[in-house]
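In this note's numbering, the protein residues as written are 1088 to 1318.
Think of the CB as a built atom: it goes at the ideal place given N, C-alpha and C, for glycine as much as any other residue.
In what follows, a single structure is set out as structure tokens and then discussed.
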Amino acid sequence: MKRLKLCLEEVFVVIPALNEQNRILSVLQKLKELGFPNIVVVDDGSTDLTSEQVVSEGNVYLLQHIINLGPGASTMTGIEFALLKDASYIATIDADHQSDPEDLIVLLKEIRRQKADLLIGSRFLKKNSIPLIRVFYNFIGNIVSYFKTGIFLSDSQSGLKVMTRSFAEKLYIDYNGFEFCIDIIKKARLNRIKVAEAPINVRYTPDTMSKGQNFGSGMMMLGRLLNPFRS
């Protein structure tokens, strides 16, 4: 337990957030219950009380974008901040509590056990109740991810990840939208970084289904990724 506690002190958990006033507190409270002392929320230009909720919880780093830049930009902002704070591991999790923060403990163990530098939590490596539309979006994402990176993963769009400092120092996310997940995998391949997966839990509700990717955002993501004028 002592070794795990030391690891948690070296971990920074980055949470990109946009209009999550009704959900983010439960994520923060769960992370604190698990013993994560370094939590970074990047408020990406929210128009609700997301930042106020974070401040009310206390003992959380709050970074704010004046305007909405996108989840990729928010994730990069959080990663850069964590590096400045000497993080050894950087984890990312969505602010809507769709993912279980407790799975970060599993990912931290797995990234060391598998000797990887990027460990992605997969919703599809264990039995989860996943809406068919999300299964479809992820299937398309996995195909595009393989086309762009040469690495086939079961959950290329997962927001639950852990990376080592050595990889984070080499990483620069070029895409601001949801395609940033594929861009991270691409950068791992370009830097010859070992990428691995581990099973995680996921919980969908009508509220969380109303957020995230939809057909329109998915088509825009494909357009940006397949743009022949971008590398």
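- Cα separation between Asn1106 and Arg1199? 34 Å
- What's the gap between the Cα of Val1098 and the Cα of Ile1272? 20 Å
- Task: For Ala1174, collect the residues of the same chain with a Cβ closer than 8 Å to its Cβ; drop the 5 residues on either side in sequence, then sort them by chain order.
- Result: Glu1097, Val1098, Phe1099, Asn1125, Arg1252, Ala1255
- To the nearest angstrom, how far is it from the Cα of Pro1218 to the Cα of Ala1182? 19 Å
- Query: Since Leu1149 and Gly1165 are thought to touch, with beta carbons under 8 Å apart, how far apart are those beta carbons, to the nearest angstrom?
  - Reply: The Cβ separation is near 11 Å, so there is no contact.
- Query: Contact check, Tyr1262 vs Gly1122 under 8 Å by CB: the rounded distance?
  - Reply: In fact, because the Cβ distance is near 33 Å, the residues do not count as touching under 8 Å.
- From Asn1278, Phe1265, Lys1281, pick the residue whose C-alpha is nearest to that of Gly1157; which is it? Phe1265
- Ignore the nearest five residues each way along the sequence and tell me which others in Gln1108's own chain have a CB closer than 8 Å to its CB. Ser1133, Asp1135, Leu1136, Thr1137, Glu1139, Gln1140
- Compare the C-alpha of Gly1145 against each of Val1127, Ile1153, Ala1178 and name the closest. Val1127
- Query: Under 7 Å, do Ser1232 and Ser1209 count as touching if we go by C-beta distance?
  - Reply: no
- Does the distance from the CB of Ile1177 to the CB of Leu1247 come in under 7 Å? no
- Item | Closest by C-alpha distance to Gln1275, when choosing among Thr1162, Lys1117, Asp1204, Ala1169 | Checking the sequence shown, residue 1275 turns out to be Ala, not Gln. Per the Cα distances, Asp1204.
- Task: Hey, could you find the ends of the beta strand (DSSP E) Gly1237 is sitting in?
- Result: Unbroken run through Gly1237: none, as it is neither H nor E.
- Item | Beta-carbon separation (whole angstroms), Val1129 vs Pro1103, contact threshold 8 Å | 5 Å
- Message: Just to confirm before moving on: does the CB-CB distance between Val1193 and Ile1238 stay below 7 Å?
- Response: no
- Message: Measuring only the C-alpha atoms, how far is Asn1229 from Ile1260?
- Response: 18 Å
- Quick one: is Glu1189 buried, meaning 16 or more other Cβ sit within 10 Å of its Cβ, or exposed? exposed
- Item | Thr1292 burial status per 10 Å Cβ neighbour count (16 or more: buried) | exposed
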